[in-house]
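Okay, structure first, notes after.
Numbering (the numbering used here), first residue to last: 12 to 344.
Here is the structure:
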């Protein structure tokens, strides 16, 4: 869709035009049942029945969400690419509150929660940094500057056993933030930049590496290339990339990735979530189905909770005002 180019231009420009007119937002509404979700099955695959009923979880009006992660219990955290605020919400009741207040010069994108330490890792968007918050109090515990000149756009986060990775959508880089072996606390002094080589195609004026997932041991990554609609497997030690051979047709404009075992969920701006089954070596993947729903509107990222995906609707095509509605869509997986 041509309107998706609007989002790409905003990110490359640093999203400077996406400032909220104030941060006071009405309390979220409770989750409400919505029309039945549907599944598109690739021609090569057998049709698969589904009776999934979607539910929406309302966010504050005007919030401009981008990233989401699940914390303890039924709690999720949603970040605002417009104001830098982080919203904490109960996925079952819809009750929520501002966890991190809006910030004048800091926007936020992807998030990841480490339940071992209750630390919340946040991609710092056009500031080129990563933020680490206490997931219980909201206190900022670390601010790690990755990129300086140009800063690019630090976009998404992946947590492995002893390391956290961040993508930069404007530069061919992935950033590595090691965690201490026993305490699992971050060591900003040991952070490093991984330059992507090999198959990865860098577009200087485009939106490049975006969504990211990591193997449990942190040695391999999968990075989504937004403008090309491709997936790349990354050797985390060297930065060497290999395009993931995908059996199935997908549209361009991938955003967030979610990994559950050998199943990869690829969130796509075109109101879809692709479900890909990976081979054990991560050399190829098979598109087994496509999740769609009437309440998906230009989705950006997703998180797993129970047997459902909670998908952020960034609504890049909607007019961005303090009254614009935003929500998470629960889709059975």
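We put the beta carbon where it would ideally sit given N, CA and C, even for glycine. Model, not experiment: these values are computed from the prediction.
Looking at the backbone, the Cα of residue 157 and that of residue 123 are separated by about 17 Å. When the beta-carbon positions are compared, residue 265 and residue 222 come within less than 8 Å of each other. If you draw a 10 Å sphere on the C-beta of residue 66, you find 16 or more other C-beta atoms in it, and that means buried.
No Cβ-Cβ contact shorter than 8 Å links residue 162 with residue 194.
For residue 306, there is no enclosing beta strand (DSSP E), as DSSP gives it neither H nor E. Scanning the stretch 221 to 279 from its first residue to its last, the whole beta strand (DSSP E) runs of 3-plus residues come out as 231 to 236, 241 to 246, 251 to 254, 256 to 258, 265 to 271 and 274 to 279.
Note that the C-beta distance between residue 325 and residue 80 is not below 8 Å.
Just so you know, the alpha carbons of residue 201 and residue 248 end up roughly 14 Å apart.
Contact between the stretch 162 to 177 and the stretch 126 to 141 is present: three or more C-beta pairs spanning the two stretches fall below 8 Å. Collapsing the DSSP output to three states places residue 161 in coil. Between residue 102 and residue 85 the beta-carbon gap is near 5 Å, inside 8 Å, which marks them as a contact. Put simply, the stretch 244 to 258 touches the stretch 203 to 213. At least three CB pairs are less than 8 Å apart. If you look at residue 118, you'll find it isn't in any beta strand (DSSP E); DSSP assigns it neither H nor E. For residue 200, the three-state secondary structure derived from DSSP is helix. In the three-state scheme derived from DSSP, where H, G and I count as helix and E and B as strand, residue 75 is classed as coil. Residue state for residue 148 is assigned as coil, using DSSP reduced to three classes. In the structure shown, residue 85 falls within a coil segment according to DSSP collapsed to helix, strand and coil.
Here the C-alpha atom of residue 196 lies approximately 28 Å from the C-alpha atom of residue 311.
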